[in-house]
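Colleague:
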Amino acid sequence: MEKINRDKVQQLLDSYQNKKVFVHVEVTGGMYASHFDDKVFNAGMFLRNVQVTFVQGGIRGGENGEYRVGLKLDNDGWIYVLGLTHYEVNDDNEFIMHGFNYDGKLASALEISTQEFLK
Amino acid sequence: MEKERQVLVIFPHPDDEAFGVSGTMSRYVDMGVPVTYACLTFGDMGRNLGYPPFATRESLHEIRKKEVQESARLIGLDDLRLLGYRDKTLEFEAPGHLKGIVKDMIDELNPSRIITFYPGYSVHPDHEATAEAVIAAVKEMAPAERPALQLVAFSNDTYKDLGEPDISVDISGYEDRKEKIMAAHESQTGPLLKTLAGNTAESEAARQMWMKNEVFYSYDID
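Heads up: the sequence lines are chains A and B, in that order.
In terms of the working numbering, the first sequence is residues 1 to 119.
In terms of the working numbering, the second sequence is residues 120 to 341.
(1) Using a Cβ-Cβ cut-off of less than 8 Å, give me the residues of the region 86-101 of chain A that come near chain C, in sequence order.
(2) Taking a cut of 8 Å between CB atoms, which residues from the region 99-118 of chain A lie near chain B?
(3) Evaluate A:Gly57 with the Cβ neighbour count: other Cβ atoms within 10 Å of its Cβ, from every protein chain shown; 16 or more gives buried, anything less gives exposed.
(4) Drop a sphere of 10 angstroms on the beta-carbon of B:Gly203, count the other beta-carbons inside from all chains shown, and report buried for 16 or more, exposed for fewer.
(5) Under the DSSP definition of a beta bridge, which residues are partnered with A:Ile112?
(6) Measuring only between beta-carbons, confirm whether B:Thr175 sits less than 7 Å from chain A.
(7) Are any of the Cβ atoms in chain A nearer than 7 Å to that of B:Arg166?
(8) So what does A:Leu47 bridge to, in DSSP terms?
(9) Who are the Cβ neighbours of B:Glu305 in its own chain at under 8 Å, not counting the five residues just before and after it?
(10) Tell me which residues of the region 12-32 of chain A have at least one Cβ-Cβ distance to chain B shorter than 8 Å, keeping chain order.
(11) Can you name the residues of chain B whose CB is closer than 7 Å to the CB of A:Met1?
(12) I'd like the span of the alpha helix (DSSP H) that includes A:Asp14, first residue to last.
(13) Taking 7 Å as the CB-CB cut-off, is B:Val242 touching chain A?
(14) Considering only C-alpha positions, which residue in the set A:Ala109, A:Asn101 and A:Gly104 is nearest to A:Val69?
(15) Taking Cβ-Cβ distances shorter than 7 Å, what residues in chain A pair up with B:His180?
(16) Going straight from the alpha carbon of A:Val81 to that of B:Ala191, what length do you get?
(17) Touching or not, the region 320-330 of chain B and the region 290-306 of chain B, by the rule of three or more beta carbon pairs under 8 Å?
(18) Does the distance from the C-beta atom of B:Ala252 to that of B:Val221 stay below 7 Å?
(19) What does the alpha-carbon distance come out to for the pair B:Ser241 and A:Arg6?
(20) Could you check what DSSP says for A:Gly70 in three-state terms: helix, strand or coil?
Below, the structure written as structure tokens:
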């Protein structure tokens with residue numbers, strides 16, 4: 001993966017606009033967060049292989065290399081992810097954005113593909 | 120440690136065997152005991168993607184599959200079963216489904232001993248779902264037929280509630296092999312391996328914890 005290049009990520013987002021795409025969306029503090037520190041409230045989520053069409057996608061932010069991505073959906077719904085730092089397009093043509101925290105662990109993810117992700 | 124007819128190890132994630140159990144598994148293999156390792160998921164929702172990251176959420180599946188295959192090779196297993204459930208989702212499978220999977224393996228393999236997690240004391244929901252499925256499957260068996268249970272517990276209240284572990288396996292002589300097994304899970308173990316190799320007090324504590332004895336609890340099902 002590479003650190004996010006804002007222009008390249010914006011171009012990639014544009015390339016999926018108005019197409020039926022599958023998304024993987026994830027925010028995680030890890031299953032062990034409150035095991036290691038009982039003051040931590042453990043919240044997280046993932047959505048996988050949800051199909052959407054977005055009419056407008058944008059990348060914002062970038063302070064300290066941390067970006068926000070928002071996708072406005074064709075039914076006026078939204079997908080929003082905060083804390084993205086890295087991106088790549090892999091050999092399966094999946095557009096992957098990850099956010100790594102200060103310990104190098106995955107904290108957030110937004111992935112977009114025209115094909116279904118591995119089940 | 121006595122010779123067993125067959126040992127069945129059941130964990131949900133590809134590195135669950137490495138830290139607390141791989142020395143014991145290696146010893147059984149070296150005694151000529153057939154050991155089966157059933158790993159229920161590929162651990163593909165893990166947050167560790169390497170240090171620095173070399174995996175993605177999508178490539179982690181294949182990477183961890185290769186890691187557990189290498190771990191099994193180093194342990195000396197000839198029966199590794201990768202069941203392919205999605206990481207984090209075991210507790211949401213239909214009630215009784217995992218128990219049925221475990222029952223089928225017990226019927227096929229006739230294990231004299233099962234190693235898995237301790238229900239209520241294993242922290243991760245996948246660990247708990249695995250432990251509950253094993254206990255439920257064994258509970259349905261006639262008491263005389265049941266395999267012995269050897270369970271891993273590590274939640275913060277383990278010692279307070281369960282006391283000292285009553286099974287301790289001496290793994291001296293297996294340190295190098297175990298370190299290689301842990302290193303096979305490279306995407307997950309980077310920082311720990313560095314700690315183990317160091318010469319600080321923390322490193323010595325880690326070696327004491329992982330490289331001397333592997334400890335377990337027996338479990339009375341009634």
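Glycine included, every Cβ here is placed at the ideal spot set by N, Cα and C.
Since this is a predicted model, take the numbers as computed values, not measurements.
Modeller: Answer, in terms of the structure:
(1) Looking at the structure shown, chain C is missing, and the protein chains on hand are A and B.
(2) Among the residues of the region 99-118 of chain A, those with a Cβ less than 8 Å away from any Cβ of chain B are Phe100, Gly104, Lys105, Leu106, Ala107, Ala109, Glu111, Phe117 and Leu118, in the order of the chain.
(3) By 1-based counting over the first sequence, the position of residue 57 of chain A is 57. Buried.
(4) One-based indexing of the second sequence puts residue 203 of chain B at position 84. Exposed is the call here.
(5) Mapped onto the first sequence, residue 112 of chain A falls at position 112. Looking at the DSSP output, A:Ile112 sits in a beta bridge with A:Val23 and A:Phe95.
(6) The sequence position of residue 175 of chain B within the second sequence is 56, counting from 1. True, the Cβ-Cβ gap to chain A drops below 7 Å.
(7) Taking the first residue of the second sequence as 1, we reach residue 166 of chain B at position 47. Closer than 7 Å: yes.
(8) To locate residue 47 of chain A, count along the first sequence from 1; it is residue 47. In DSSP, A:Leu47 forms a bridge with A:Val25.
(9) Residue numbering aside, residue 305 of chain B sits at position 186 when the second sequence is read from its first letter. Answer for B:Glu305: Gly169 and Glu186, listed in chain order.
(10) Listed in chain order, the positions of the region 12-32 of chain A with a beta carbon within less than 8 Å of a beta carbon of chain B are His24, Glu26, Thr28, Gly30, Met31 and Tyr32.
(11) Position 1 of the first sequence, counted from the start, is the residue given in the question as residue 1 of chain A. Pro172 and Thr175, listed in chain order.
(12) Residue mapping note: residue 14 of chain A aligns to position 14 of the first sequence, counting from 1. It spans Arg6 to Ser15 - the alpha helix (DSSP H) in which A:Asp14 sits, taken as one unbroken run.
(13) To locate residue 242 of chain B, count along the second sequence from 1; it is residue 123. Closer than 7 Å to some Cβ of chain A, the Cβ of B:Val242 qualifies, so yes.
(14) The residue labelled residue 69 of chain A in the question sits at position 69 within the first sequence. Out of A:Ala109, A:Asn101 and A:Gly104, the CA that lies nearest to the CA of A:Val69 is found in A:Ala109.
(15) The residue given as residue 180 of chain B occupies position 61 in the second sequence. Result: Leu118.
(16) Taking the first sequence and counting its residues from 1, one reaches residue 81 of chain A at position 81. Taking the second sequence and counting its residues from 1, one reaches residue 191 of chain B at position 72. CA-CA distance, A:Val81 to B:Ala191, rounds to 38 Å.
(17) Yes, the region 320-330 of chain B is in contact with the region 290-306 of chain B.
(18) For this step, residue 252 of chain B is matched to residue 133 along the second sequence. For this step, residue 221 of chain B is matched to residue 102 along the second sequence. Note that the C-beta distance between B:Ala252 and B:Val221 is below 7 Å.
(19) Residue mapping note: residue 241 of chain B aligns to position 122 of the second sequence, counting from 1. Residue mapping note: residue 6 of chain A aligns to position 6 of the first sequence, counting from 1. Looking at the two C-alpha atoms, the distance is approximately 42 Å.
(20) Walking along the first sequence from the start, residue 70 of chain A turns up at place 70. It is a strand residue.
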